[in-house]
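Participant: Let me begin by handing over the structure; questions about it come next.
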């Protein structure tokens with residue numbers, strides 16, 4: 071199944087594509103979730119706007135070897151499978167090598183590719199800034215070396231287009247996922263998610279998978295309340311989404327490790343633990359107006 075089905079009519083509605091791919095069931099009254107209006111792609115087209123329906127962000131830092139081939143591969147895939155206007159945004163986190171120049175070279179050739187230069191480092195900082203500034207109704211991101219199989223992009227995006235879900239995440243920990251990564255990374259990942267379930271009551275299965283999407287109409291409410299500028303941003307976004315009553319859709323992904331090859335896993339794990347402590351304190355102390363956000367997002 072690809073998103074071409076949404077355009078050709080093989081499925082009568084984006085929701086049907088999600089149900090067919092994931093075996094999902096319709097929302098029932100009393101579940102506590104809000105069913106949002108589908109993204110009106112027809113109205114966007116009739117308005118003659120150039121605004122992309124989907125904006126896929128690739129946060130990069132010193133990725134001069136990966137950025138150009140990944141951009142070309144992702145662009146070719148979206149061009150072949152995504153039936154609506156799209157944009158790929160490279161968010162350069164103050165790279166000190168030739169990453170920026172390589173990305174700009176591709177952007178001059180491919181009109182759907184744009185480049186944003188950020189003065190400060192950090193995946194969270196990049197995603198928050200680019201997503202809040204994007205004109206697209208659906209916002210996504212993935213790691214620059216495309217560790218997740220792109221075949222998962224359709225079931226990731228379709229429930230957001232249909233209004234069925236608010237946030238969608240890839241998970242490497244589902245029974246049907248296939249993840250190729252070392253035992254140490256696997257242990258850290260599973261231990262971290264276990265802590266999130268035990269300490270914060272989280273229900274999502276894989277906080278740090280670099281393959282996520284969010285509807286812009288809900289993102290603009292919760293993104294300003296995220297504080298982390300690094301790797302904990304993903305966890306913070308998902309915890310806030312669940313606390314605010316948003317529906318998080320999970321997509322099993324086939325994953326080939328490598329996107330975090332340059333990451334100090336121990337230091338990142340310690341930073342995540344500090345993030346859990348800080349976020350718990352922020353929620354308990356009222357820094358984040360969860361009740362007000364929940365009420366606003368339920369309308």
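Residue numbers (the numbering used here): 71 to 369. Don't be surprised by glycine CBs; every beta carbon is placed ideally from N, CA and C.
Is it the case that the Cβ atoms of residue 212 and residue 124 are separated by a distance below 9 Å?
Facilitator: no
Participant: What number of angstroms, rounded off, separates the C-alpha of residue 263 from the C-alpha of residue 323?
Facilitator: 17 Å
Participant: Does the count of Cβ pairs from the region 348-356 and the region 249-259 closer than 8 Å reach three?
Facilitator: no
Participant: Check residue 152 in the structure and name its three-state DSSP category.
Facilitator: coil
Participant: Which same chain residues, not among the five before or five after residue 246, have their C-beta less than 8 Å away from its C-beta?
Facilitator: 322
Participant: Measure the CB-CB distance between residue 154 and residue 111 and report whether it falls below 9 Å.
Facilitator: yes
Participant: CB-CB under 7 Å to residue 98, same chain, minus the five flanking residues each way: which ones, in chain order?
Facilitator: Here the model assigns residue 98 a pLDDT of 37, short of 50, so the residue's position is not dependable, and the following value carries that caveat. Taken in chain order, the list of residues that qualify is empty.
Participant: Name the two residues that bound the continuous beta strand (DSSP E) containing residue 129.
Facilitator: Residues 124-130.
Participant: Just curious, the beta strand (DSSP E) that residue 281 is in, first and last residue?
Facilitator: 281-285
Participant: CB residue 274 to CB residue 306, shorter than 9 Å?
Facilitator: No, they are not a contact pair.
Participant: Alpha carbon to alpha carbon, how far is residue 138 from residue 179? Give it in angstroms, no decimals.
Facilitator: The alpha-carbon of residue 179 is positioned some 11 Å away from that of residue 138.
Participant: Thinking C-beta only, is residue 299 closer than 9 Å to residue 187?
Facilitator: no
Participant: What first and last residue would you give for the beta strand (DSSP E) that runs through residue 172?
Facilitator: No beta strand (DSSP E) holds residue 172; the alpha helix (DSSP H) holding it covers 169-179.
Participant: Please confirm whether residue 284 and residue 314 have their CB atoms less than 9 Å apart.
Facilitator: no
Participant: Report the three-state DSSP secondary structure of residue 295 (helix, strand or coil).
Facilitator: helix
Participant: Could you give the DSSP three-state label for residue 359: helix, strand or coil?
Facilitator: coil
Participant: Here's the rule I'm using: 16 or more other beta-carbon atoms within 10 Å means buried, otherwise exposed. How should residue 234 be labelled?
Facilitator: buried
Participant: Comparing alpha-carbon positions, which option in 195, 168, 167, 206 lies nearest residue 120?
Facilitator: 206
Participant: Using the DSSP secondary-structure output, state which residues sit across from residue 270 in a beta bridge.
Facilitator: In the DSSP output, where bridge partners are listed per residue, residue 270 has none listed.
Participant: What residue range is occupied by the uninterrupted alpha helix (DSSP H) comprising residue 305?
Facilitator: 303-313
Participant: How would you label residue 271, buried or exposed, when you count the other beta carbons within 10 angstroms and need 16 or more for buried?
Facilitator: exposed
Participant: Return the CA-CA distance between residue 294 and residue 194, expressed in angstroms with no decimal places.
Facilitator: 11 Å
Participant: Would you mind stating whether residue 226 and residue 210 have Cβ atoms separated by less than 9 Å?
Facilitator: yes
Participant: How would you write the range of the alpha helix (DSSP H) that residue 334 sits in, first residue to last?
Facilitator: Counting along the chain, residue 334 falls outside any alpha helix (DSSP H), and DSSP gives it neither H nor E.
Participant: Let's see if you can read the secondary structure: which residues bound the alpha helix (DSSP H) around residue 112?
Facilitator: Note, residue 112: alpha helix (DSSP H), 111-116.
Participant: Would you mind listing the alpha helix (DSSP H) stretches within the region 171-257 that are 4+ residues and don't spill past its ends, in chain order?
Facilitator: 193-203, 223-232
Participant: Measure the alpha-carbon distance for residue 136 versus residue 337 and round it to whole angstroms.
Facilitator: 24 Å
Participant: What's the gap between the Cα of residue 317 and the Cα of residue 290?
Facilitator: Residue 317 and residue 290 have their C-alpha atoms roughly 16 Å apart.
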